[in-house]
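Worksheet: the structure to be examined is printed underneath.
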Amino acid sequence: MRVFVTGATGWIGSYTVDELLAAGHQVLGLARTDSGEASLRAKGARTLRGDLDDLAALRRGTEDADAVVHLANKHDWANPAESNRAERAAVETLAEALTGSDRPFVFASGLASLALGRPSTESDPSPFSGPDAPRGGAENRAFEYAERGVRAIAARFSPTVHGTGDHGFIALLVAAARRTGVSGYVGDGTSAWSAVHVTDAARLVRLGLEKAPAGTRLHVVAEEAVTARDIAEAIGRHLDLPVKPIAEDDAVDHFGFIGRFFALDMSASSAITRSTFDWHPTGPTLLEDLAAGAYAHAGR
């Protein structure tokens, strides 16, 4: 297939491009910079210059593609409303361009706040709808296009898609520990996050693209629940720092904006995803990555 990929030079996107190319697909990657274009071309991918706000470029990229993978996001934590607006506009633009074609459209989604008191499952619908909702309500908006001939597929990524060189949430926690001299966890440390290695995540994106029907919710989850305290203890061992609880009221001061999320339970099952798509994660666990020094770069 000819696959148009947004976020093609990002953390998950770069591994997804590698996975798609290795499986024999052709890739057209959206690139914002000269260096991004060069890195994609070096892999054997074609490039389209543009960014998430360039809706005309998104339409052009979709025109001759057999499938679309949408992984770009502004991740502007200081202005979430802008991130939500941009995400909804991008999803609508891509889906409109795919309408009536039955071409696959895999788009990034999340696992936060899907269920209370238990790990979320693929059967849990997203509670977020409308332009003012988190991610602009993009998952539910995209699924509306399933009735209009778009094979919309949500890839619900674990809050940590980890690996060597990751600059995401775990890197921010490591950086906070270096900065404060304490590896902290919020409250009693029992809140838990699901986790997946970036290579396993990329493989599932490809499998979903190739096999998933419209309306599928892929749970990109290798580990169902890694507790905040276990994460903090692994960081503490790696950095040789004390591990201490942080009061919830002090979490943002201690960790930065990530403190708002570290206390949330974002655990999830991927049992349906695994059995349906024969997906078997093989990458290292989050704690194994931390022990091996995958986040040695963070905070330096």
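Residue numbering for the sequence shown is 130 to 429, as defined by this note's numbering. In this text, a Cβ means the ideal position worked out from N, Cα and C, and glycines have one as well.
Exposed or buried, what is R358 when buried is set at 16 or more other beta-carbons lying within 10 Å of its beta-carbon?
-> The residue in question, R358, is buried, as its Cβ has 16 or more Cβ neighbours within 10 Å.
What does a CB cutoff of less than 8 Å around V132 pick up in its chain, not counting 5 residues either side in sequence?
-> L149, H154, Q155, V156, L157, A194, D195, A196, V197, V198 and L338
Beta-bridge pairing of H291 - partner residues as DSSP gives them = H326
What residues in its chain sit with their C-beta under 6 Å from that of D180, if we drop five residues either side in the sequence?
-> Apart from the 5 residues on each side of it in sequence, D180 sits with its Cβ closer than 6 Å to the Cβ of R161 in its chain, given in chain order.
When you compare only the Cα positions, how much space is there between A363 and R189?
-> Each residue's alpha carbon lies about 45 Å from the other.
As assigned by DSSP and simplified to three states, the class of K340 | Three-state result, K340: helix.
Roughly how far, in whole angstroms, is the beta-carbon of F234 from the beta-carbon of I282, given that I think they are within contact range, below 8 Å?
-> 7 Å
Would you mind stating whether L416 and I375 have Cβ atoms separated by less than 9 Å?
-> It is not a contact, given that the beta carbons lie outside the stated cut-off.
Classify G229 as buried or exposed, calling it buried when 16 or more other Cβ atoms lie within 10 Å of its own Cβ.
-> exposed
Within the same chain, show all residues whose beta-carbon is closer than 6 Å to that of S238, passing over the 5 residues directly before and after it, in chain order.
-> E268, A283 and R285
Just the C-alpha distance for P342 and V334, rounded to the nearest angstrom, thanks.
-> Rounded to whole angstroms, the gap between the alpha carbons of P342 and V334 is 13 Å.
Residues of its chain near D253, where Cβ-Cβ distance is below 7 Å and the 5 sequence neighbours each way are ignored = L243 and A244
Within the same chain, show all residues whose beta-carbon is closer than 6 Å to that of P410, passing over the 5 residues directly before and after it, in chain order.
-> D329 and A351
Note down the Cα distance separating G344 from R175, rounded to an integer number of angstroms.
-> 29 Å
L90 in three-state terms, based on DSSP | Because the chain is modelled from 130 through 429, residue 90 falls outside the range shown and cannot be assessed.
Does the region 218-228 touch the region 289-307, meaning 3 or more C-beta pairs lie closer than 8 Å?
-> no
Given 8 Å as the limit, is there contact between the region 136-143 and the region 198-213, that is, 3 or more CB pairs closer than that?
-> yes
Inside the region 186-256 only - alpha helix (DSSP H) runs reaching at least 4 residues = Residue ranges of uninterrupted alpha helix (DSSP H) with 4 or more members, entirely inside the region 186-256 and ordered along the chain, are 209-227.
Taking DSSP as the reference, what is the three-state secondary structure of R389?
-> helix
Verify whether the separation of the beta carbon atoms of S287 and M395 is less than 9 Å.
-> Yes, the pair counts as a contact, with Cβ atoms nearer than the cut-off.
Note the first and the last residue of the continuous alpha helix (DSSP H) segment covering E417.
-> L415 to A421
Any idea what DSSP makes of G313, helix, strand or coil?
-> strand
Report, in whole angstroms, the separation of the C-beta atoms of T250 and S404, which I expect to be a contact under 8 Å.
-> The C-beta distance from T250 to S404 rounds to 12 Å, too long to fall under 8 Å, and the pair is not in contact.
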